[in-house]
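Residue numbers (this note's numbering), protein chains in the order written: chain A, 42 to 508; chain B, 69 to 349.
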Amino acid sequence: MEPKKHEMPSQAPEVRAHNFNEVALGYSMETAVAEAERCLNCKNQPCVDACPVNISIPEFIGHIKEQDFEGAYKVITRTSSLPAVCGRVCPQETQCESKCTMGIKFEPVGIGRLERFVADWHNENVKADPELPEKNGHKVAVVGSGPSGLTCAGDLAKKGYDVTVYEALHKAGGVLVYGIPEFRLPKTIVAKEVDTLNKLGVTVNTDVVIGKTLTIDELFDMGYEAVFIGSGAGLPNFMHIPGESLKGVYSANEFLTRSNLMKAYLDDPTTPVKKGGNVAVVGGGNVAMDAARTALRLGADNVYIVYRRSMEELPARKEEVEHAEEEGIQFKLLNNPVEIIGYDNPEDKKDPRNGDVTAIRCIRMELGEPDAKGRRRPVPVEGSEFDIPVDTVVIAIGTSPNPLIKNTTKGLEVNEKGGIIVNEYGLTSREGVYAGGDAVTGAATVISAMGAGKTAAAAIDGYLSAK
Amino acid sequence: MFKIVHRRSLRPTVTQIEVEAPLVANKAKPGQFIILRVDEDGERIPLTVAGVNKEEGTVKVIFQVVGATTTKLNHVPEGGYIQDFVGPLGNATETEGIKKVCIVGGGVGCAIALPVAEEFHRIGADVTSIIGFRNKDLVILEDEFRAASNRLIVMTDDGSYGREGNCTVPLRELLEKEKFDNIICIGPLVMMKFTVLTAKEFNAPITVSMSPIMIDGTGMCGGCRLTLHEDGKDIIKFACVDGPDFDGYKVDFDNAIMRSRMYTDFERHAYEETCNLFKNA
């Protein structure tokens, strides 16, 4: 028995640090089959329970063993609408792979890599349109075209619902297109998944802001019998330290949106972004890693991750942290920013450099007693402040839910943080209105949003079937 | 795609377009804005709603040709299409309880100030409008303002039309003898800063309309953040969801002016490129 996962072929770090092409290149057919052979097909299938959308993992891996890749694809798509996306961005090490029986003695099976292989194989080799379900005559509106919305829309369309997705931006995909960079999730893959939904009969209306252009109540007036709200992460959080309004300080959302959605990563963009110099990214999640690696690819000399806890508490997906380190991102751990310092020419108030970021001042931290969640709380070391010279600062410390829908929907209850309150089936305090993803939980993962979209789709189906 | 059903040149560098966008027209109120993209891969630019025709389902916006995107927009003919037009975004100007108002518009900001003046006029408020321009050639919408105002004062910096001087001169004269329930000031940042200082001398309430750099316009990117002074503290507000109107006393104009210059070099370069593109065409 092969004790280790088959390695993922990747672009060399020194090469990929200067381009936006995908880092991980994907398994070959031979490697995929060999990796599939590592699956013990154990009886209790702990991986399935650990998957937020309960993909029948040993079953699809069984098909790979027999080189029946389309069979494997059909198993995955029974429960997952976006396999090519999940195979790339899911934190498998804390989900399916964390429970893999192989993982007790050896490395777990590379489930995520196999999922990606199957989805890519299908996209490459199968051109047939999906089978169209028989329409059941019910209309459902989905707000937001990110992972939760696309999943909910896909599941309902497969059951015969007439689904319309409303998207505020000019392009469908939500965080998959504005947030996650090209080198981790190529835009063509997202476009392909959206295209598959279109072929299932889902209509995507871009340029419509629910809560502004139309309200939830108006959607019901228009004949939709149920609404799913997957409006996603909202307003970016800031640290509320001096200097956050200087030129060159971005929220991660803005920095990544400029680069990804608005294509500032291309040579001749119409939307600018600051490139080059030294960049500090504050935060330790996947978004922070994405921002740091984007800054590097945009030509930065030095990129620092500034995080107030240690490597152990770093919440980003393990593979992304490893990739970032290989590429030369410098981790400034156990440091907390206290101020961002800007250029100020006292002689000349009109000096165009005034207000440009010159440094980020941090204080060193020590890990103290564990907090309520069991994470050791970082405590500042008095008098340990120091400056890191930087030109750009990107703040990646999470988001707070967007108020637009809450403010325009009577009777929609939200928690103290502004997240929409739902029951275990995704139902909100309003009849026929369901919600899921970051709009409910605050910033979380793509797959948990998909799980929520899936749960809500099943609940909407139950609700409208009984009507 | 959204059709430009009507196009009118107000000045060589100021254009008004009417865009077919029934959903936006159905909702848009004075003080709100839209975001448009001229073409695929284009930049998203916010423009304030300058008028609405609900029956026809059209929305009017006025823009000044200042950069690459507005140059491209200015080349889309009547009957042509633009890629995206989304809105209405931001909050409408507060009109409730206001019986006497002074509208102060500066330059192209007058395009935004006009629908606000018209709305106050429509609800029966007493409207005084002060509109200021650099010179006679840049004066826009004078007749429209006259129709919407009980009093209209036109100013030019060089005195080539109306009275000479900037808008704070007549505003100070008015405040010396009368009170307004609110002053609403829309124009360049520096002009708004000084208008607020003038109002402050008289302890007169004043609202300013902010239009910082933004991308999504729905509260996602945070690029449009402003620093406000509130209760002795600096707080961050997002112009797109918290504004665009703010209490003039609270806005940190110096910070807003500094942030507005973040991409000056890039914009100049992009504009020159685009200009050459059209020259060669």
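Here a beta-carbon is modelled for each residue, glycine too, at the ideal position from N, C-alpha and C.
Beta-carbon neighbours of A:Asp248, restricted to chain B and to distances below 8 angstroms = Your numbering for residue 248 of chain A matches position 207 in the first sequence. Correct list: Asp152, Phe153 and Val154.
Cβ distance (whole Å) where A:Ser186 is taken to contact A:Gly214 below 8 angstroms | Taking the first sequence and counting its residues from 1, one reaches residue 186 of chain A at position 145. Taking the first sequence and counting its residues from 1, one reaches residue 214 of chain A at position 173. Sure, about 6 angstroms apart at Cβ, within 8 angstroms.
Which two residues bound the contiguous beta strand (DSSP E) that contains A:Ala182?
-> By 1-based counting over the first sequence, the position of residue 182 of chain A is 141. Here the beta strand (DSSP E) through A:Ala182 covers Lys180 to Val184.
Chain A residues whose Cβ lies nearer than 8 angstroms to that of B:Thr138 = Walking along the second sequence from the start, residue 138 of chain B turns up at place 70. Residues of chain A passing the Cβ test: none, with the nearest at roughly 12 angstroms.
Using beta-carbon positions only, say whether A:Ile346 and A:Ile370 come within less than 9 angstroms of one another.
-> Walking along the first sequence from the start, residue 346 of chain A turns up at place 305. Walking along the first sequence from the start, residue 370 of chain A turns up at place 329. Result yes, Cβ atoms of A:Ile346 and A:Ile370 sit closer than 9 angstroms.
Partners in chain A for B:Leu115, counting only beta-carbon separations shorter than 7 angstroms = Here residue 115 of chain B refers to the residue found at position 47 when the second sequence is read from its first residue. Those within 7 angstroms of B:Leu115 in chain A number zero; the least Cβ separation is about 14 angstroms.
Just grab the DSSP bridge partners of A:Thr237 for me.
-> For the purposes of this step, residue 237 of chain A is identified with residue 196 of the first sequence, where counting begins at 1. A:Thr237 pairs with nothing; no bridge assigned.
Could you run through the segment 77-109 of chain B and flag, in chain order, every residue whose CB is less than 7 angstroms away from some CB of chain A?
-> Leu91, Val92, Lys95, Arg105 and Asp109
Name the residue from A:Arg154, A:Ala182, A:Glu165 and A:Leu197 whose alpha carbon lies nearest to the alpha carbon of A:Glu175.
-> Working through the first sequence from its first residue, we reach residue 175 of chain A at position 134. Nearest of A:Arg154, A:Ala182, A:Glu165 and A:Leu197 to A:Glu175, Cα basis: A:Leu197.
Does the distance from the C-beta atom of A:Gly271 to that of A:Val398 stay below 9 angstroms?
-> As a position in the first sequence, residue 271 of chain A is number 230, starting the count at 1. As a position in the first sequence, residue 398 of chain A is number 357, starting the count at 1. Against a cut-off of 9 angstroms, the Cβ pair of A:Val398 and A:Gly271 comes out as no contact.
Confirm, please, whether the CB-CB distance from A:Thr440 to A:Leu276 is below 9 angstroms.
-> If you number the first sequence from 1, residue 276 of chain A lands on position 235. If you number the first sequence from 1, residue 440 of chain A lands on position 399. Taking 9 angstroms as the Cβ cut-off, A:Leu276 and A:Thr440 qualify as a contacting pair.
Cβ-based neighbour list, B:Val264, same chain, cut-off 6 angstroms, excluding 5 preceding and 5 following | Within the second sequence, the letter at position 196 stands for residue 264 of chain B. Taken in chain order, the residues that qualify are Ile274 and Gly316.
How about A:Arg299: is its C-beta nearer than 9 angstroms to some C-beta of chain B?
-> The count along the first sequence starts at 1 and reaches residue 299 of chain A at position 258. It does; some Cβ of chain B falls within 9 angstroms.
Sequence-distant residues of the same chain with beta carbon closer than 6 angstroms to B:Arg214, five excluded per side | Locating residue 214 of chain B in the second sequence gives position 146, where the first residue counts as 1. Cβ neighbours of B:Arg214 beyond the five flanking positions: Leu220.
Do the CB positions of B:Cys292 and B:Ala307 come within less than 9 angstroms of each other?
-> Working through the second sequence from its first residue, we reach residue 292 of chain B at position 224. Working through the second sequence from its first residue, we reach residue 307 of chain B at position 239. Yes, they are a contact pair.
In or out: A:Asn456 buried (at least 16 other Cβ within 10 Å) or exposed?
-> Position 415 of the first sequence, counting from 1, holds the residue named residue 456 of chain A. Under this definition A:Asn456 is an exposed residue.
What is the DSSP secondary structure of A:Pro393, reduced to helix, strand or coil?
-> Against the first sequence, residue 393 of chain A aligns to sequence position 352. The DSSP-derived three-state label of A:Pro393 is coil.
Counting only runs that start and end within the segment 386-460 of chain A, where is the beta strand (DSSP E) found for 3 or more residues in a row?
-> 398-411, 417-421, 427-430 and 433-436
Relative to the alpha-carbon of B:Ala272, which residue among B:Asp333, B:Ala181, B:Lys168 and B:Gly174 has its alpha-carbon at the smallest distance?
-> For the purposes of this step, residue 272 of chain B is taken as the residue at position 204 of the second sequence. Considering only alpha carbons, the answer is B:Lys168.
Using 8 angstroms as the threshold, is the segment 463-480 of chain A in touch with the segment 488-504 of chain A, meaning 3 or more CB pairs across them?
-> yes
For the segment 154-165 of chain A, enumerate the residues whose C-beta is nearer than 8 angstroms to any C-beta of chain B, in chain order.
-> none
By Cβ distance, which residues of its chain are closer than 8 angstroms to A:Ala341, with the 5 residues on each side in sequence left out?
-> Taking the first sequence and counting its residues from 1, one reaches residue 341 of chain A at position 300. Excluding sequence neighbours, A:Ala341 sits near Lys316, Gly317, Gly318, Asn319, Val320 and Thr433.
Can you find a CB in chain B that lies within less than 9 angstroms of the CB of A:His281?
-> The residue you call residue 281 of chain A lines up with position 240 of the first sequence. Judged by the 9 angstroms Cβ criterion, A:His281 is in contact with chain B.
On a CA-only basis, which of A:Asp502, A:Pro421 and A:Gly252 is nearest A:Lys15? Give me that one, please.
-> Outside the modelled stretch of chain A, which goes from 42 to 508, sits residue 15 of chain A, for which no answer is possible.
Could you work out which residue in B:Glu111, B:Gly99, B:Ala136 and B:Thr83 is closest to B:Val176 when comparing CA atoms only?
-> Stepping through the second sequence from its first residue, residue 176 of chain B is reached at position 108. The shortest C-alpha separation from B:Val176 is found at B:Thr83.
Quick one: what does DSSP say A:His163 is sitting in, helix, strand or coil?
-> Counted from its first residue, the first sequence places residue 163 of chain A at position 122. Looking at A:His163 - three-state DSSP - the assignment turns out to be helix.
Assuming A:Pro419 and A:Asn377 form a contact by the criterion Cβ under 8 angstroms, report the distance between their Cβ atoms to the nearest whole angstrom.
-> Numbered from 1 along the first sequence, position 378 holds the residue referred to as residue 419 of chain A. Numbered from 1 along the first sequence, position 336 holds the residue referred to as residue 377 of chain A. 7 angstroms between Cβ atoms; contact.
Cβ neighbours of A:Ile230 in the same chain (closer than 6 angstroms, five flanking residues each side left out) = Stepping through the first sequence from its first residue, residue 230 of chain A is reached at position 189. Around A:Ile230: Ala125.
Of the choices A:Gly144, A:Tyr202 and A:Met330, whose alpha-carbon is the least far from that of A:Asn242?
-> Indexing the first sequence from 1 puts residue 242 of chain A at position 201. Note on residue identity: the sequence assigns Gly, not Asn, to residue 242 of chain A. It is A:Tyr202.
Check the Cβ of A:Leu445 against every Cβ in chain B and list those closer than 8 angstroms, keeping chain order.
-> Translated into positions along the first sequence, residue 445 of chain A becomes position 404. Chain B residues near A:Leu445: Thr286, Gly287 and Val309.
Beta-ladder partner(s) of B:Lys128, from DSSP = Residue numbering aside, residue 128 of chain B sits at position 60 when the second sequence is read from its first letter. The partner list for B:Lys128 (beta bridge, DSSP) reads B:Glu86 and B:Gly119.
Please report how far the alpha carbon of A:Val183 lies from the alpha carbon of A:Val218, in whole angstroms.
-> Here residue 183 of chain A corresponds to residue number 142 of the first sequence, with the count starting at 1. Here residue 218 of chain A corresponds to residue number 177 of the first sequence, with the count starting at 1. A:Val183 and A:Val218: Cα-Cα distance of roughly 18 angstroms.
Does A:Tyr265 get closer than 9 angstroms to chain B when you measure Cβ to Cβ?
-> As a working note, residue 265 of chain A is residue 224 in the first sequence. Output row for A:Tyr265: interface = no.
So what does B:His74 bridge to, in DSSP terms?
-> Numbered from 1 along the second sequence, position 6 holds the residue referred to as residue 74 of chain B. BP columns for B:His74 point to B:Glu86.
Give me the Cα-Cα distance between A:Ala73 and A:Glu361, rounded to the nearest whole angstrom.
-> Here residue 73 of chain A corresponds to residue number 32 of the first sequence, with the count starting at 1. Here residue 361 of chain A corresponds to residue number 320 of the first sequence, with the count starting at 1. Straight-line Cα distance between these residues: approximately 21 angstroms.
Name the chain B residues that come within less than 8 angstroms of A:His211, Cβ to Cβ?
-> Taking the first sequence and counting its residues from 1, one reaches residue 211 of chain A at position 170. Below the 8 angstroms Cβ cutoff, chain B contributes Arg105, Arg112, Gln151, Asp152 and Val154 as neighbours of A:His211, in chain order.
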